[in-house]
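Down below is the structure, laid out as structure tokens.
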Amino acid sequence: MVATAADSGSWTRVTTGPTPYDVFTKPIQKSPQDDREYRLIRLGNGLQAMLVHHAKADKAAASLDVAVGHLYDPDDMPGLAHFCEHLLFLGTEQFPRENEYSEYLSKNNGSSNAYTGTSNTNYYFNVSTSALGGALERFSSFFHSPLFTPSCTVRELNAVDSEHKKNHQSDVWRIFQVNKHLSKDGHPWRKFGSGNKESLSKVGRELKAKGLLNNNGAMKSADGSLSATPNDSRAASPAPSVSSASSELEGDGGVVGRETRRRLVEWWSQEYCAGRMRLCVVGKESLDELSEMVATFFSPIPNRGKEPLHMIPDHPFGPKEMGTVVSIQTVMSFHALEISFPLPYLPPMWRYKPSGFLAHFLGHEGPGSLHSYLKQKGWITALSAGPQNLARGFAMFKVTLYMTPQGFEHYDTLVQSVFKYISLLRSSDFPPWVQKERSLISATRFRFAEKRRPDDYAVWVTEHMAWPVPRELILSAPQLVQEWDQSDPENGGEKEMREILKTLSIDRSRTVLMAKAEEHERIRGKDLTWEKEPWYGTPYHVEPYSENSVKQANGSNDIKELYLPGPNDFIPTNLDVEKREVEKPSKRPFLIRETPLTSLWHKKDDQFWVPKAQVIMDVRSPVPNSSARASVLTRLYADLVTDSLTEFAYDADLAGLTYNFSHQSLGLYITLSGYNDKLPLLAKTVVERAKNLKVDPDRLAVMKDQAKREYENYFLGAPYRLSNYYNRYLLSEREWTMDELLAEVPSVTPEELQAHITAVLSRLHMRMTVIGNMYKDEASKLAETVEGIFKASPLPADELWDLSLVLPPRSNYVWSLPVPNKNEANSALTYYINLSTITDRRRHVMAALIAHILSEPAFAVLRTREQLGY
């Protein structure tokens, strides 16, 4: 699937080292700004590896992606792929100690993780550049000689179970599983991917109950002899128990634990195959040195002759699963609606990305957009649209709307509005500039992409190595959008787009309505019959679309407020950078301008030479957080500023310019970043809106409802978040509990908020920092512009600080609180030790070192060995 005909003759054999390998001879297409070197190699066992030489790297990294995920679990053992992912970290033949790998990484300033997806499992790490070889040696042994020791296997069942319990009250996981549960009977998409103790040990328990397991956990054959394991494994078989009464409390879990381990080893032996693996290594070593390391350490992985990239072309949504409305009861308080359309696998359409073209219009937030129309009605707070590859073989296109309570009352009209906009797209001719803009924006983003963390980058590369593109385009094809050839009579890009657009019909869709039980009853009555999804117990109800809904959705667009967006004025036109060689780059910003109102710090980019900049405005005032009520008023002010800028800022965001306007304990915090060409325009507009905002009573009502739900939902969050929050509350002079904030929301009036805004902006001190491709005079001019807009009186120095509460020596305070969510199975503990004041830099560094040293052994004992939580 991955290799193309053009690739077949583009490999050459290298036999100079002890382990031969093939090298891809075409140059890997990369950004002109990317100073890293790339090489693609293929080992004799079929494993492909992208090697990245980064001479200036301060960390090395690697990622290995296995083209097997939880859709490949045995039907009778849901969660086995995820379980296998956990176990590979816990010892191999070459490095048998449980925490050998994690301890090595920790001692070398590194860390690791992994995730199990639907069609892949990805393992990755980062480490000091000097320790890459040792890390790769330990890492590679995961895939050719894991131990799967009996004691680790039975203990890690508890870790998987804890992970599932951690997610049990998460609406994301609950809704995801309902959607899977309501797919075709027998389709692998229905599987329960994360697994738990019950799902992974059920087979062993049933066999034990039927007397079909001997004491060593092996299956009895018809004549009572031991059945052979179908596939040999490097992992040693568990020793028979000396006890005749086998118990699950034994160190290996008894016969049930041994059967679970036998099935795990069997599955790993069948599914983990070198031909299914894609590797990326980032290091300071030369490409030749990296090639030799990879060939040496990863060639022992066996190729079991499995299909390298197994496809599941059958979509989980058939005619029975579409044309329905699914109502789901949520844990958190919110209203959302999601319309899903089945799509074919999308990576083969990598040239024009037609689903992304449609997402550009359906998810747009500018004038004439679906978002703008529904927001003006007061029905939504957010809208997103786009494709999602569910697995290797099928995808979805989703339109998601977060609704106000009033919007939820009109959910059917919202659904119709989505289909009206789709009808508008069907009837529209798209001018050439639309494609030119998409292509230009993607090319600019690719050219000036910022370097990611090495482990994040390695994961991204391995995920996309499975795309069916020419091997030289592994890096560029996922990121670039080709422009349609208008002179081509076939016009492949538009043809692909029109074919997808044709499938976005109501009879090929599923609408999911999400809200708390009482909200469903308020809008739809108490007569709905609720069923329960088996793994999370989530209540849901399924019904077909009404005939009237289908008729309306199939009609033409008759909403005059809907129209296509115009050209994007924020696309940068000046991408010049004046590069000047410097002997030693500056390490920090310098104070270049100080007035009674503003301190301006500046650092010109002298390392990366890209046409980007970042502006930070720390706007301090004693008013915003002077009381719980003031804190709520300031939060609503920040929300309204952001809300009022949505249409203006959306094009800026598309073109690579972003901003954030938020409140903090000391006042307001404004950040702006992106291409410096249009950054001053964005900054000026944001500050002007903040200064001149007129409170709209209707939008304030929406923001108040959002704030209320956010404060209420906080109590339903993960216990560790609550524990950390209350710890901060105890140690901050001006921190307010969620109860205090929640109590203030209902009585806020537009007049009070307007007066609060005036008070906040009347006396200020601003700390501005400008970093990137902007000179001192440009930064000073921007600071003058901001000062001129705010026109505030300067704030005295003694009102600028926020104080922390210092614990008295030898304190030993304990604050025990109940977990508010009665259905939450987890608890949490935050243990705070006060070591020094904020000015003691040496003590801060020592504390960071202690935390790093303790992290791995604490995890090894509390999580891996004692299984006290996830």
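The sequence shown begins at 402 in our numbering and counts up by one. For glycine and all other residues, C-beta sits at the position ideal for the given N, C-alpha and C.
Contact check, residue i vs residue j, beta carbons under 8 Å
i            : j            : result
residue 748  : residue 718  : no
residue 799  : residue 787  : yes
residue 902  : residue 827  : yes
residue 426  : residue 413  : yes
residue 428  : residue 489  : no
residue 1265 : residue 500  : yes
residue 965  : residue 695  : no
residue 581  : residue 590  : yes
residue 805  : residue 1087 : no
residue 492  : residue 550  : yes
residue 440  : residue 688  : yes
residue 981  : residue 1181 : no
residue 1221 : residue 1142 : no
residue 1134 : residue 1206 : yes
residue 948  : residue 941  : no
residue 774  : residue 537  : no
residue 503  : residue 1252 : no
residue 445  : residue 421  : yes
residue 473  : residue 672  : yes
residue 1165 : residue 1193 : yes
C-alpha gap between residue i and residue j, whole angstroms
i            : j            : result
residue 721  : residue 1062 : 46 Å
residue 1001 : residue 1247 : 32 Å
residue 842  : residue 864  : 23 Å
residue 1056 : residue 833  : 18 Å
residue 443  : residue 838  : 37 Å
residue 1232 : residue 1125 : 9 Å
residue 355  : residue 523  : Absent from the structure is residue 355, since the part of the chain shown begins at 402 and ends at 1271.
residue 908  : residue 594  : 29 Å
residue 986  : residue 433  : 22 Å
residue 1127 : residue 1114 : 15 Å
residue 1235 : residue 988  : 30 Å
residue 1168 : residue 999  : 6 Å
residue 1070 : residue 1017 : 8 Å
residue 1268 : residue 598  : 13 Å
residue 1156 : residue 1074 : 30 Å
residue 1177 : residue 1184 : 11 Å
residue 968  : residue 1053 : 12 Å
residue 1214 : residue 430  : 59 Å
residue 783  : residue 772  : 7 Å
residue 681  : residue 1110 : 43 Å
residue 849  : residue 436  : 12 Å
residue 1263 : residue 815  : 49 Å
Bridge partner(s) assigned by DSSP for residue i
i            : result
residue 423  : 414 and 443
residue 1228 : Answer by DSSP bridge pairing: none, since residue 1228 is not bridged.
residue 382  : Not covered by the structure: residue 382. The range shown for the chain is 402 to 1271.
residue 516  : 523
residue 383  : As displayed, the chain neither begins before 402 nor continues past 1271, which places residue 383 out of reach and without an answer.
residue 999  : 1167
residue 1101 : None, per the DSSP bridge assignment.
residue 452  : 440 and 682
residue 1015 : 1074 and 1172
residue 803  : 737 and 783
- Message: Report the start-end ranges of each alpha helix (DSSP H) in the region 1023-1083 that is 4 residues or longer and not cut off at the edges.
- Response: Listed in chain order, they are 1029-1045 and 1047-1055.
- When the Cβ atoms of the region 492-500 are set against those of the region 531-545, are three or more pairs found closer than 8 Å? Enough Cβ pairs lie closer than 8 Å, so yes.
- Item | Given 8 Å, three or more beta-carbon pairs between the region 722-739 and the region 907-915 | They touch, by the three-pair rule.
- Examine the Cβ distances between the region 857-866 and the region 446-465 and report whether three or more of them are shorter than 8 Å. yes
- Message: Three Cβ pairs or more, each shorter than 8 Å: is that satisfied between the region 1078-1089 and the region 514-529?
- Response: No: fewer than three Cβ pairs fall under 8 Å.
- Task: Evaluate contact between the region 814-831 and the region 941-960, counting only Cβ atoms and requiring at least three cross-stretch pairs below 8 Å.
- Result: yes
- Query: Counting pairs of Cβ atoms below 8 Å between the region 994-1014 and the region 1172-1188, do you hit three or more?
  - Reply: When C-beta atoms of the region 994-1014 are compared with those of the region 1172-1188, three or more pairs fall below 8 Å, so the two segments count as touching.
- Message: Runs of 3 residues minimum, wholly inside the region 1149-1174: which ones carry the beta strand (DSSP E) assignment?
- Response: 1164-1173
- Tell me, please, whether the region 971-979 touches the region 1011-1024 by the rule of three or more beta-carbon pairs shorter than 8 Å. yes
- Message: Would you call the region 608-615 in contact with the region 662-678, where contact means no fewer than 3 C-beta pairs closer than 8 Å?
- Response: At 8 Å Cβ cutoff, the stretches do not touch.
- Query: Using 8 Å as the Cβ pair cut-off and three pairs as the minimum, do the region 751-764 and the region 704-716 touch?
  - Reply: no
- Going along the chain, which unbroken runs of the beta strand (DSSP E) with 3 or more residues stay wholly within the region 696-783? Within the region 696-783, the complete beta strand (DSSP E) runs of at least 3 residues are 725-730 and 737-745.
- Evaluate the contact criterion for the region 1018-1026 versus the region 1190-1201: three or more CB pairs, one atom per stretch, below 8 Å. yes
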